[in-house]
Amino acid sequence: MATGANVQTSTGAGALLSILRDGRARTRAELAELTGLSRSTVSQRLDGLIDQRWVMAGDGAISSGGRPAAMFTFNGGARVVLAADLGATHARLAVIDLAMTVLAERAVELPIDAGPERTLGAVAGAFDELLREAGREPGQVCGAGVGLPGPVEHGSGRPVNPPIMPGWDGFAVPEWLGARLEAPVLVDNDVNIMALGEHWAAGPAVDHLIFIKMGTGIGCGIISGGKLHRGAQGAAGDVGHIRVADADVPCRCGNAGCLEAVAGGASMAAALREAGTEAHGSRDVVALMRAGDLRATRLIRQAGREVGAVMASIVNFFNPSVIVIGGDIAEAGEQVLAGVRETIYSRSLPLATQHLGIRASELGDRAGVIGAAVMVVEHVLAPDTIDRAVAG
Ligand SMILES: [Zn+2]
Numbered sequence: 054m055a056t057g058a059n060v061q062t063s064t065g066a067g068a069l070l071s072i073l074r075d076g077r078a079r080t081r082a083e084l085a086e087l088t089g090l091s092r093s094t095v096s097q098r099l100d101g102l103i104d105q106r107w108v109m110a111g112d113g114a115i116s117s118g119g120r121p122a123a124m125f126t127f128n129g130g131a132r133v134v135l136a137a138d139l140g141a142t143h144a145r146l147a148v149i150d151l152a153m154t155v156l157a158e159r160a161v162e163l164p165i166d167a168g169p170e171r172t173l174g175a176v177a178g179a180f181d182e183l184l185r186e187a188g189r190e191p192g193q194v195c196g197a198g199v200g201l202p203g204p205v206e207h208g209s210g211r212p213v214n215p216p217i218m219p220g221w222d223g224f225a226v227p228e229w230l231g232a233r234l235e236a237p238v239l240v241d242n243d244v245n246i247m248a249l250g251e252h253w254a255a256g257p258a259v260d261h262l263i264f265i266k267m268g269t270g271i272g273c274g275i276i277s278g279g280k281l282h283r284g285a286q287g288a289a290g291d292v293g294h295i296r297v298a299d300a301d302v303p304c305r306c307g308n309a310g311c312l313e314a315v316a317g318g319a320s321m322a323a324a325l326r327e328a329g330t331e332a333h334g335s336r337d338v339v340a341l342m343r344a345g346d347l348r349a350t351r352l353i354r355q356a357g358r359e360v361g362a363v364m365a366s367i368v369n370f371f372n373p374s375v376i377v378i379g380g381d382i383a384e385a386g387e388q389v390l391a392g393v394r395e396t397i398y399s400r401s402l403p404l405a406t407q408h409l410g411i412r413a414s415e416l417g418d419r420a421g422v423i424g425a426a427v428m429v430v431e432h433v434l435a436p437d438t439i440d441r442a443v444a445g
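Under this note's numbering, the first residue of the sequence shown is numbered 54, with each subsequent residue one higher.
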């Protein structure tokens, strides 16, 4: 049964579109060769894709027998997605087309604790303005992606007991915002969308990637076989509450000795305050380190080693090819990366670390908004979705 479904999927209009998404123009003959379909079947599927503006046709320069063969390209500019990465106090929003070109983008102050209706109302208003700025119509929007700073149940897109989001528990974000935008809305937690953004930036050759966000809290996003691994309920990657050996520090989750309780930005800031230095969060800790504060520098290095120790086990278990460190603490650069690398390389198996890359985030604070767009683009352009859109 699975094989039959795959065969059907792999030869549908969606499969042709997947080939054209690499941006190269191709002829009917090339597409027939790549898919094993007859040229007439390819033509028929291309007609469907052109009708719905997924593909553009034009005369090519390749000459066979005197006249140029028609060339077909992915029409990535025809539709746009709206992307929002909401944090505790700030949000980043963008209008991005299906070829992942950013058409308009802005960062705004937007406190999440204002509650879902006020926050999402402001997001919708900002999307309207960004669409105008990008010169696009609401009718061109094929979906919106939202990242939230708390746990999200993947199936429903609803936040579940989010600690810093009063009023959001169980709120129907996709339905509420979808009705306002008149487009489908996908929701995930901030770490997962950042992992999607970094995976996109790393390129399609990287299939197994772990993204770790080191900020006030600690969490990770897992890309396995080129796809985001969310787990059964959407809770995969919650490494912040893995118990760290020999630590007995109380954690906000109610347990003690969690990674976050010893290496999170909030715990580092608390340690600095105890020592008489004013610090309120991960950004303050990094700022103090940059200003030459030795205690802050030591804490950040130690946090790198603590995170590295947990990641060493994950490297043995999961065998990623790339580990990307992001979040506010990653801004400390080598001071934190050195500790992570040192511990992973000394504690993981040689086969798992032979070709392992450990590096700082490429996209920085844009990883979430780019990833929110990737989440929607992959959904909209999934071969099955395209097959249905063309058939219907
Ligand atoms: Zn905990």
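Even glycine gets a Cβ: it sits at the ideal position worked out from N, Cα and C.
From a predicted model like this one, the values you see are computed outputs, not experimental measurements.
Anything with a beta carbon under 7 Å from a heavy atom of ligand 1 counts; list them all in chain order.
G293, H294, C304, R305, C306, N308, C311, E313 and A314
To test your reading of the DSSP string, which unbroken alpha helix (DSSP H) runs of 4 or more residues are found completely within the segment 170-254?
226-234
Distance check for G318 and R185, CA to CA, integer angstroms please.
38 Å
Within the same chain, show all residues whose beta-carbon is closer than 8 Å to that of F371, passing over the 5 residues directly before and after it, in chain order.
H261, I263, I275 and S277
Closest by CA to M124, which one among A413, L73 and A141?
L73
Nearest by alpha-carbon distance to M218: which of P204, V259, G208 and K280 is it?
P204
Does the distance from the CB of R79 to the CB of S96 come in under 7 Å?
no
Determine the contact status of V148 and A160, defining contact as a CB-CB distance below 7 Å.
no
So, for V393: in the same chain, excluding its five sequence neighbours on each side, which residues have a beta-carbon less than 7 Å away from its beta-carbon?
G357, V360, G361, M364, I378 and I411
By Cβ distance, which residues of its chain are closer than 6 Å to G130, with the 5 residues on each side in sequence left out?
D150
Take G223 as the anchor and find which of G174, L99, V134 and R211 has the nearest alpha-carbon.
R211
Which first and last residues belong to the beta strand (DSSP E) in which C375 is found?
Reading the sequence as shown, one finds Val at residue 375 and not Cys. First-last of the beta strand (DSSP E) with V375: V375 to G379.
Assuming G268 contacts I382 under a Cβ cut-off of 8 Å, what Cβ separation, rounded to an integer in Å, is found between them?
6 Å
Could you round the C-beta distance between L139 and L201 to whole angstroms and report it? I think they count as a contact, below 8 Å.
6 Å
Assign H432 to one of three DSSP states: helix, strand, or coil.
helix
Go ahead and label L402 buried or exposed: buried means 16 or more other beta carbons lie within 10 angstroms of its beta carbon, across all protein chains shown.
exposed
Alpha helix (DSSP H) segments (min. 4 residues) lying fully within the segment 263-342:
312-316 and 318-327
With 16 other Cβ atoms within 10 Å as the buried cut-off, status of A444:
exposed
Could you give the residue range of the alpha helix (DSSP H) that holds M153?
Segment: none, M153 is in no alpha helix (DSSP H) and carries neither H nor E.
If you measure between the beta carbons of K280 and G380, is that distance less than 7 Å?
no
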